[in-house]
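K.L.:
Chains as they are written, first to last, in the numbering used here: chain R, 1 to 227; chain Z, 228 to 454.
Don't be surprised by glycine CBs; every beta carbon is placed ideally from N, CA and C.
Protein chains: 2
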Amino acid sequence: MKTLGVLGGMGPAATFDFCARLTAAMPATRDQDHPRILVDCDPRVPDRNAAQRGEGPSPGAYLAAMARGLRAAGAEVLAMPCNTAHTYRAEIEAAAPGPFVDIIAATTQAALRGGATRVGVLAVDGCLGAGLYQDALVARGARPILLDAPAQAAFMQTVYRIKAGHRGAGERAAMTGFVAALLDAGAAALVAGCTEVGLVLTQADVEAPLVDSLDALVAATIPRLQA
Amino acid sequence: MKTLGVLGGMGPAATFDFCARLTAAMPATRDQDHPRILVDCDPRVPDRNAAQRGEGPSPGAYLAAMARGLRAAGAEVLAMPCNTAHTYRAEIEAAAPGPFVDIIAATTQAALRGGATRVGVLAVDGCLGAGLYQDALVARGARPILLDAPAQAAFMQTVYRIKAGHRGAGERAAMTGFVAALLDAGAAALVAGCTEVGLVLTQADVEAPLVDSLDALVAATIPRLQA
Numbered sequence: 001m002k003t004l005g006v007l008g009g010m011g012p013a014a015t016f017d018f019c020a021r022l023t024a025a026m027p028a029t030r031d032q033d034h035p036r037i038l039v040d041c042d043p044r045v046p047d048r049n050a051a052q053r054g055e056g057p058s059p060g061a062y063l064a065a066m067a068r069g070l071r072a073a074g075a076e077v078l079a080m081p082c083n084t085a086h087t088y089r090a091e092i093e094a095a096a097p098g099p100f101v102d103i104i105a106a107t108t109q110a111a112l113r114g115g116a117t118r119v120g121v122l123a124v125d126g127c128l129g130a131g132l133y134q135d136a137l138v139a140r141g142a143r144p145i146l147l148d149a150p151a152q153a154a155f156m157q158t159v160y161r162i163k164a165g166h167r168g169a170g171e172r173a174a175m176t177g178f179v180a181a182l183l184d185a186g187a188a189a190l191v192a193g194c195t196e197v198g199l200v201l202t203q204a205d206v207e208a209p210l211v212d213s214l215d216a217l218v219a220a221t222i223p224r225l226q227a
Numbered sequence: 228m229k230t231l232g233v234l235g236g237m238g239p240a241a242t243f244d245f246c247a248r249l250t251a252a253m254p255a256t257r258d259q260d261h262p263r264i265l266v267d268c269d270p271r272v273p274d275r276n277a278a279q280r281g282e283g284p285s286p287g288a289y290l291a292a293m294a295r296g297l298r299a300a301g302a303e304v305l306a307m308p309c310n311t312a313h314t315y316r317a318e319i320e321a322a323a324p325g326p327f328v329d330i331i332a333a334t335t336q337a338a339l340r341g342g343a344t345r346v347g348v349l350a351v352d353g354c355l356g357a358g359l360y361q362d363a364l365v366a367r368g369a370r371p372i373l374l375d376a377p378a379q380a381a382f383m384q385t386v387y388r389i390k391a392g393h394r395g396a397g398e399r400a401a402m403t404g405f406v407a408a409l410l411d412a413g414a415a416a417l418v419a420g421c422t423e424v425g426l427v428l429t430q431a432d433v434e435a436p437l438v439d440s441l442d443a444l445v446a447a448t449i450p451r452l453q454a
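Encoded structure:
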């Protein structure tokens with residue numbers, strides 16, 4: 001099995017949630033059936049949303065150096081459990097060429113698998129500002145449905161509360177409200193395109209198909225390690 | 228804050244459970260308040276219990292190389308979320324000198340904090356065979372209480388089921404039974420001295436104070452990163 005390198009820290013909870021889900025999803029009956037996983041969980045990666053707003057340095061060079069370090073340590077396949085950071089995928093791949101599992105592609109493909117053509121997207125400002133999900137959906141003939149500006153602002157506040165460790169009924173209720181707004185606007189499937197969303201919201205909370213980007217990344221990563 | 232290096236893969240689920248608990252326990256309100264964590268989750272570490280039985284190679288050299296790699300990558304403090312592997316702590320520290328948070332010392336100190344002098348120990352054969360908890364408890368004036376041989380054999384089977392991903396009511400009931408046996412034998416406090424135990428058993432399941440070794444390692448690690 002190939003060694004996985006995880007570009008992490010964006011945020012730390014999502015990083016280890018991804019690793020735990022991957023471990024749980026592996027068809028393994030003993031420790032030795034699991035892949036080697038190298039994780040660099042570095043929360044000093046410059047803020048992705050601030051960079052998108054032009055208010056902070058680009059995380060690109062930092063992520064490129066992280067990827068080079070992981071490859072040097074033996075990582076054969078890279079994955080990055082942060083949607084927004086995929087803005088810098090080209091810079092990362094140029095610095096550290098080799099297999100890279102793209103969370104945007106994995107999540108978009110999973111969301112369209114059931115035949116939906118209008119897909120609601122829960123993602124942070126930096127991710128939406130870079131057009132990652134909009135471009136991926138349009139390229140596959142689907143239409144992205146986004147929150148309106150006031151709801152998007154409230155969504156951002158909820159994400160920062162989750163990053164600060166608040167994962168209770170209040171955050172879950174807020175997320176359920178954002179989902180309802182996207183369904184009202186015509187979405188037939190939903191993308192949880194921010195790794196913090198899945199920490200409080202699951203399919204059981206939502207009536208339409210909900211694709212958690214962390215789960216989609218797990219599902220896309222496992223066959224790349226076995227290949 | 229200092230960078231943590233995690234010697235992992237023993238098993239993989241416990242490794243990421245430790246990282247997730249550490250992240251949740253950090254006094255952090257945003258990503259940037261967290262420490263950098265480097266994880267080498269390598270399930271190819273030779274089997275600790277087989278080595279203890281004289282039926283396989285020693286994991287010592289493998290773990291020493293892992294520790295050197297983590298230090299070279301920038302880890303300033305090392306932690307290893309596997310009790311049994313602490314048999315090889317001296318070999319690891321000789322190869323990669325520097326701060327190392329000992330799970331046996333952290334767990335033993337936490338178990339004795341409430342004044343208990345008879346401490347029940349749930350640990351795998353390799354850990355018991357190396358005398359890690361027995362020596363640590365006796366050195367602090369306490370008496371270790373162990374399962375009898377048939378119960379210990381059943382405990383090992385339960386641990387391997389948990390490693391294989393079975394974490395349901397059956398495994399929880401089995402663990403509760405082992406705890407009852409230790410309490411019957413006079414234990415006033417309990418050590419979950421195997422990282423798989425905490426995946427199915429929590430304090431809520433046990434009437435006496437239960438110290439989960441992963442939680443004890445988390446609590447002992449955080450101040451070492453802040454120092």
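So, is the C-beta of R:V138 closer than 9 Å to a C-beta in chain Z?
P.N.:
Chain Z contact via Cβ: absent.
K.L.:
Using alpha carbons as the reference points, say which of R:M26, R:A85 and R:G11 lies closest to Z:A391.
P.N.:
Closest option to Z:A391, Cα to Cα, is R:M26.
K.L.:
By the 8 Å beta-carbon criterion, what residues does the segment 63-96 of chain R contribute toward chain Z?
P.N.:
Flagged, chain order: G69 and A73.
K.L.:
Report yes or no: is there a C-beta of chain R within less than 9 Å of the C-beta of Z:Q259?
P.N.:
Chain R contact via Cβ: present.
K.L.:
Given Z:A401, which residues of its chain have a CB within under 6 Å of its CB, disregarding the five upstream and five downstream residues?
P.N.:
Closer than 6 Å at the Cβ level, and outside the excluded window around Z:A401, lie T385.
K.L.:
Leaving out five residues on either side along the sequence, give the residues of the same chain with a beta carbon under 7 Å from the beta carbon of R:R140.
P.N.:
These residues qualify, in order along the chain: T108 and L112.
K.L.:
Any contact of the segment 19-38 of chain R with the segment 55-67 of chain R, i.e. 3+ C-beta pairs under 8 Å?
P.N.:
No: fewer than three Cβ pairs fall under 8 Å.
K.L.:
Would you kindly work out how many angstroms separate the C-alpha atoms of R:H34 and R:C19, rounded to a whole number?
P.N.:
For R:H34 and R:C19, the distance between alpha carbons rounds to 12 Å.
K.L.:
Going along chain R in order, which residues have a C-beta closer than 8 Å to the C-beta of Z:A251?
P.N.:
Simply A13 and G165.
K.L.:
Just confirm the distance between the C-beta atoms of R:F232 and R:L147, as a whole number of angstroms; I'd bet it's less than 8 Å.
P.N.:
The question about residue 232 of chain R has no answer, for chain R in this structure spans 1 to 227.
K.L.:
Interface residues of chain Z around R:M175 at Cβ under 8 Å?
P.N.:
The premise fails here: R:M175 is roughly 19 Å from chain Z at the closest Cβ pair, so nothing lies under 8 Å.
K.L.:
Report the rounded CA-to-CA distance for R:A192 versus R:A75, giving the unit in angstroms.
P.N.:
Rounded to the nearest angstrom, the two C-alpha atoms are 27 Å apart.
K.L.:
Taking a Cβ distance cut-off of 9 Å, strictly less, list which residues of the segment 182-216 of chain R are near chain Z, in chain order.
P.N.:
Cβ contacts with chain Z: none found.
K.L.:
With three or more beta-carbon pairs closer than 8 Å as the criterion, would you say the segment 427-446 of chain Z touches the segment 197-205 of chain R?
P.N.:
No: the two stretches stay apart, fewer than three of their Cβ pairs being nearer than 8 Å.
K.L.:
What ranges does the alpha helix (DSSP H) occupy inside the segment 158-199 of chain R, keeping only unbroken runs of at least 4 residues that lie completely in it?
P.N.:
Runs found: 169-184.
K.L.:
Rounding to the nearest angstrom, what Cα-Cα distance links Z:V266 and Z:A337 in this structure?
P.N.:
When rounded, the distance between both Cα atoms is 25 Å.
K.L.:
Nearest-angstrom Cα distance between Z:L479 and R:A188?
P.N.:
The structure shown does not extend to residue 479 of chain Z, since chain Z is modelled only from 228 through 454, so no value can be given for it.
K.L.:
Taking Z:T256 as the query, report the chain R residues whose CB atoms sit under 7 Å from its CB, ordered along the chain.
P.N.:
Neighbours of Z:T256 on chain R, chain order: A164.
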